[in-house]
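One point on numbering: in my numbering, the residue at position 117 of the sequence shown is 122, and numbering is uninterrupted.
Everything below concerns the one structure shown next.
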Amino acid sequence: MKKQILLYVSALLIVFTACDDKGIEPVLQDDSAIKGGYRVVNMRAHLGGDQEVPVAETKATGQAIFQLSKDGTELSYKLIVANIENLRMAHIHVAPVGSNGVVVVWLYPDGPPPMPIPGRFSGILAQGTITADDLIGSLAGASL
């Protein structure tokens, strides 16, 4: 189950109106967190407009921080952005690099419709926990 979510998270593109994934770097906790094959897994992605499809010219940047629970049933996240303008939404898509894919989970707001933030925004955009119940699109009904 954990391998499945790691595969999905590694292949996902986090899409903002003007920001997207630049690569997710897994960071494992120390050995004390690894017990009986279960471990907490931390992942980070730098966000920028150059991964948007099509590429967006923007000064917006950000970080997406994820932590998969030891039992693999919860994926906690925090989205931190800077200099993003006229933000509407943030969600995760499943797609190969350079392609648009279907939305599989909403991060901001919690679901449709979009919740625009007019003007320039910097700070914590969203934080929460994703469970299997939050998955939509091609992952609806799947487990983390």
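All C-beta atoms, glycine included, are put in the ideal place defined by N, C-alpha and C.
Note that the structure is predicted; figures quoted are calculated from it, not measured.
Practice problem: With DSSP collapsed to three states, give me the class of residue 87. | Solution: Residue state, collapsed to three classes: strand.
Quiz prompt | 8 Å contact criterion, which residue 54 and residue 65 should meet: CB distance rounded | solution = About 6 Å; that satisfies the 8 Å criterion.
Exercise. Could you tell me the distance, in whole angstroms, from the CA atom of residue 93 to the CA atom of residue 121?
Key: Looking at the two C-alpha atoms, the distance is approximately 4 Å.
Exercise. Look up residue 120 in the DSSP assignment and give the residues it is bridged to.
Key: Residue pairing from DSSP leaves residue 120 without any beta-bridge partner.
Exercise. Enumerate in chain order the residues of its own chain whose CB-to-CB distance from residue 90 is below 6 Å, with the five nearest sequence positions on each side excluded.
Key: Same-chain partners within the cutoff: 125.
Quiz item: Apart from the five residues on each side of it in sequence, which residues of its chain come closer than 6 Å, Cβ to Cβ, to residue 114?
Solution: Residues 120 of the same chain have their beta carbon placed closer than 6 Å to that of residue 114, with the five preceding and five following residues left out of the count.
Exercise. Check whether the Cβ atoms of residue 137 and residue 149 sit closer than 7 Å, and answer yes or no.
Key: In this structure, the beta-carbon distance from residue 137 to residue 149 falls below 7 Å.
Quiz item: Nearest to residue 51 by alpha carbon, out of 141, 45, 87 and 77?
Solution: Per the Cα distances, 87.
Quiz item: Can you tell me where the beta strand (DSSP E) with residue 70 in it begins and where it stops?
Solution: Unbroken beta strand (DSSP E) run through residue 70: 66 to 73.
Quiz item: Candidates 63, 112, 140 and 77: which alpha carbon is nearest residue 84's?
Solution: Considering only alpha carbons, the answer is 112.
Quiz item: Is it right to say residue 139 is buried, meaning 16 or more other beta carbons lie within 10 angstroms of its own, or is it exposed?
Solution: Buried, since its Cβ has 16 or more Cβ neighbours within 10 Å.
Quiz item: Quick one: what does DSSP say residue 131 is sitting in, helix, strand or coil?
Solution: Looking at residue 131 - three-state DSSP - the assignment turns out to be strand.
Quiz item: Roughly how many whole angstroms lie between the Cα atoms of residue 105 and residue 59?
Solution: Between the alpha carbons of residue 105 and residue 59 lies a gap of roughly 9 Å.
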